[in-house]
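2 protein chains.
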Amino acid sequence: MNLTANGGDFTDATRPIGVFDSGIGGLTVAAALRELLPAERIFYVGDTARVPYGGKSAATIERYSFEISRMLLEEGAKLIVVACNTASALAVAALEAQLDVPVVGVIRPGAAAAVAATRTKRVGVIGTRATVQSRAYERAIHALDPSVQVDAQACPLLVPLIEEGWLEDPVTDDVIARYLDPMLRNGVDTLVLGCTHYPLLHAALERRAGSGVRLVDSARNCALEVRSVLTADGLAAPMDETGGMRVVLTDPSTGFLRVAESALGLDLGEISVRVAG
Amino acid sequence: MNLTANGGDFTDATRPIGVFDSGIGGLTVAAALRELLPAERIFYVGDTARVPYGGKSAATIERYSFEISRMLLEEGAKLIVVACNTASALAVAALEAQLDVPVVGVIRPGAAAAVAATRTKRVGVIGTRATVQSRAYERAIHALDPSVQVDAQACPLLVPLIEEGWLEDPVTDDVIARYLDPMLRNGVDTLVLGCTHYPLLHAALERRAGSGVRLVDSARNCALEVRSVLTADGLAAPMDETGGMRVVLTDPSTGFLRVAESALGLDLGEISVRVAG
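See below:
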């Protein structure tokens, strides 16, 4: 498997940042990158033909992550952002070990935001089954502060509710209560939205958690980490470049795309489709 | 693409029946086949690495269906059962055109059951987004009786609720009410469970629909159609054969498998994993 970028000239700062997600949710991260780094070109691949990753095994998630990374490298990506919590939890270490470009996931930035936010040293994490089972957030939080107690809860119904568009809905509120109440009773004061879809439920989650609980997500912190890596490696695009975004999906079903586009205020332009794997 | 079975001797009645589904739900069909045709060997492939199919495009669903069919033919399948409503709706015609073995889907058997059951000539159909958008049930029902009025409703939250194990739960009851009430107000007296997972919600669906509405699913009717095809083509296994079932999944995540195994009373034995595609 040849996983070097086309051409191999990694000092070319005008190459795009490659961003991938199992689907559309990672556009929350792409939006944060666009805002913080307007001179950068973003090449986004959403693996909508095999979405969701969150209920699948580590081996399958790792295989898919390498296949999508190869698509990004074929476009000359100078850095890869794994804008999917599940793939970040299960594949970033392997990608870092085998790819020739820097890899930035969303777990460490989210963990750092949580550790900075908590006062009670009790942090809640919500995510997919695979993310929660991996215990990746616990490890990343404990690497920063071993005294923080972490309550993690898999929330497999939230993504389908978001994709159904039931963002403000009593059924969604009931499901959120079911998932959050045990950790709220345990006194968490910070809640990590450990799935890129969840910011679309920010209002509903905040309503249940109450004003004493800080909600943190990885998007902004991940963009900040990307900026430091690019700067440190001399890979940042010149300030006078006109950045942009290209979106490729592995399946053209776009029902949820319209929900995301309007909720995120992103203009995605034309979207193309390629087969992965 | 060589899509003939290994060996090519299609008169060998001891070959297995190949059954495929996007995941585990098709085991409801496999269970009906085991009950009706105990002498037959069933080779079941669940494409759990790419589940669900229901929100994906027709092109992707057709490609996956050919890839999984190839796995079944490599095992010498004498007949292929598409035990997935989404794949039946979108790929059976193409499979029939290109494969050398008979192909039986679940749409036509479900439509036949509905037409036989309705008195008011108003039938409701629930299924995935892809199944409902395909209008395959409408076409199959109208081919049998053009006077039947069909109300179809996509229910993308039901499969995640079932896989979460919330089979008897007020949240599930609320979601079911949201999906069913419009068609109930329209006076349907028959409801087609157009997704192989839905029989696991039979009690909850029946409670909402009321005693005046007949619930029909494809499993038993599909098994009856398989029996007629095998008999007509001289492919039925000799009565003294000992049938059985082998299950292969494309991803080993088995959380829902335990729910299904106990709900269906199936002994699945050892399950193996193979990569598709």
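Quick note, the sequences are listed as chains Z and Y, same order.
The numbers in numbering that gives the first Met the number 0 rise by one with no breaks, and the one at position 103 of the first sequence is 102.
The numbers in numbering that gives the first Met the number 0 rise by one with no breaks, and the one at position 253 of the second sequence is 252.
Don't be surprised by glycine CBs; every beta carbon is placed ideally from N, CA and C.
Limits of the alpha helix (DSSP H) - the one that residue i falls within
{"i": "residue 227/Z", "result": "218-231"}
{"i": "residue 70/Z", "result": "57-73"}
{"i": "residue 197/Y", "result": "Element bounds for residue 197/Y: n/a, residue is neither H nor E."}
{"i": "residue 95/Y", "result": "84-97"}
{"i": "residue 131/Z", "result": "128-133"}
{"i": "residue 157/Z", "result": "157-162"}
8 angstroms CB neighbourhood of residue i in its chain, flanking five on each side removed
{"i": "residue 94/Z", "result": "64, 65, 68, 79, 81, 102"}
{"i": "residue 143/Y", "result": "110, 111, 114"}
{"i": "residue 269/Y", "result": "none"}
{"i": "residue 223/Y", "result": "35, 108"}
{"i": "residue 141/Y", "result": "147, 149"}
{"i": "residue 132/Y", "result": "153"}
Where residue i sits in the DSSP three-state scheme
{"i": "residue 52/Y", "result": "coil"}
{"i": "residue 23/Y", "result": "coil"}
{"i": "residue 272/Z", "result": "strand"}
{"i": "residue 256/Z", "result": "helix"}
{"i": "residue 121/Z", "result": "strand"}
{"i": "residue 8/Z", "result": "Here residue 8/Z scores only 49 on pLDDT, less than 50, and its place in the model should not be relied on; the value that follows carries that caveat. It is coil, neither helix nor strand."}
{"i": "residue 109/Z", "result": "helix"}
{"i": "residue 28/Z", "result": "helix"}
{"i": "residue 78/Y", "result": "strand"}
{"i": "residue 214/Z", "result": "strand"}
{"i": "residue 114/Z", "result": "helix"}
{"i": "residue 278/Z", "result": "Within the shown structure, residues of chain Z are numbered from 0 to 276, placing residue 278/Z beyond reach of any answer."}
Close-in-space but distant-in-sequence residues of the same chain around residue i (CB under 7 angstroms, 5 per side omitted)
{"i": "residue 260/Y", "result": "267"}
{"i": "residue 256/Z", "result": "23"}
{"i": "residue 6/Y", "result": "Unreliable placement is indicated for residue 6/Y, whose pLDDT of 44 sits below 50; the coordinate value is still reported in the next sentence. Counting only Cβ-Cβ distances below 7 angstroms, and skipping sequence neighbours, we find 75."}
{"i": "residue 360/Z", "result": "What is shown of chain Z runs 0 to 276, which leaves residue 360/Z out entirely."}
{"i": "residue 86/Z", "result": "21, 52, 60, 64"}
{"i": "residue 187/Z", "result": "121, 122, 123, 150, 212"}
{"i": "residue 118/Y", "result": "188"}
{"i": "residue 274/Y", "result": "249"}
{"i": "residue 237/Z", "result": "12, 38"}
First and last residue of the uninterrupted beta strand (DSSP E) at residue i
{"i": "residue 175/Y", "result": "Careful: residue 175/Y lies outside any beta strand (DSSP E), inside the alpha helix (DSSP H) at 169-184."}
{"i": "residue 245/Z", "result": "243-248"}
{"i": "residue 151/Y", "result": "148-153"}
{"i": "residue 189/Y", "result": "189-193"}
{"i": "residue 45/Z", "result": "40-45"}
Spatial neighbours of residue i in its chain, beta-carbon cut-off 6 angstroms, leaving aside the 5 residues before and after
{"i": "residue 9/Z", "result": "Caution is warranted here: a pLDDT of 47 is assigned to residue 9/Z, below 50, making its placement in the model unreliable, and no coordinate value can be reported."}
{"i": "residue 27/Z", "result": "195, 198, 218"}
{"i": "residue 240/Z", "result": "38"}
{"i": "residue 271/Z", "result": "247"}
{"i": "residue 207/Z", "result": "175, 176, 179"}
Short Cβ contact (9 angstroms threshold) for residue i with residue j
{"i": "residue 284/Z", "j": "residue 39/Z", "result": "What the structure shows of chain Z is the stretch from 0 to 276, and residue 284/Z is not part of that stretch, so it cannot be assessed."}
{"i": "residue 155/Y", "j": "residue 134/Y", "result": "no"}
{"i": "residue 191/Y", "j": "residue 110/Y", "result": "yes"}
{"i": "residue 179/Y", "j": "residue 171/Y", "result": "no"}
{"i": "residue 54/Y", "j": "residue 210/Z", "result": "no"}
{"i": "residue 88/Y", "j": "residue 136/Y", "result": "yes"}
{"i": "residue 105/Z", "j": "residue 71/Z", "result": "no"}
{"i": "residue 280/Y", "j": "residue 225/Y", "result": "As displayed, chain Y neither begins before 0 nor continues past 276, which places residue 280/Y out of reach and without an answer."}
{"i": "residue 49/Y", "j": "residue 49/Z", "result": "yes"}
Distance cut-off 8 angstroms: residue i Cβ against heavy atoms of the ligand GTP
{"i": "residue 197/Z", "result": "Judged by which ligands are present, the structure shown has none, so any question about the ligand GTP falls away."}
Checklist entry - Are there three or more Cβ pairs, one per stretch, closer than 8 angstroms when the stretch 140-155 of chain Z is compared with the stretch 72-80 of chain Z? => result no
Item to check | Sufficient close CB pairs (3 or more, under 8 angstroms) joining the stretch 209-220 of chain Z to the stretch 48-64 of chain Z | outcome: no
Checklist entry - Counting Cβ pairs, one atom from each stretch, are 3 or more of them under 8 angstroms apart for the stretch 119-133 of chain Z and the stretch 174-185 of chain Z? => result yes
Checklist entry - Three or more C-beta pairs closer than 8 angstroms, one from the stretch 26-37 of chain Z and one from the stretch 216-235 of chain Z: is that the case here? => result yes
Checklist entry - Any contact of the stretch 43-51 of chain Y with the stretch 243-253 of chain Y, i.e. 3+ C-beta pairs under 8 angstroms? => result yes
Checklist entry - Can we say the stretch 166-173 of chain Z touches the stretch 199-208 of chain Z, given the rule of at least three CB pairs closer than 8 angstroms? => result yes
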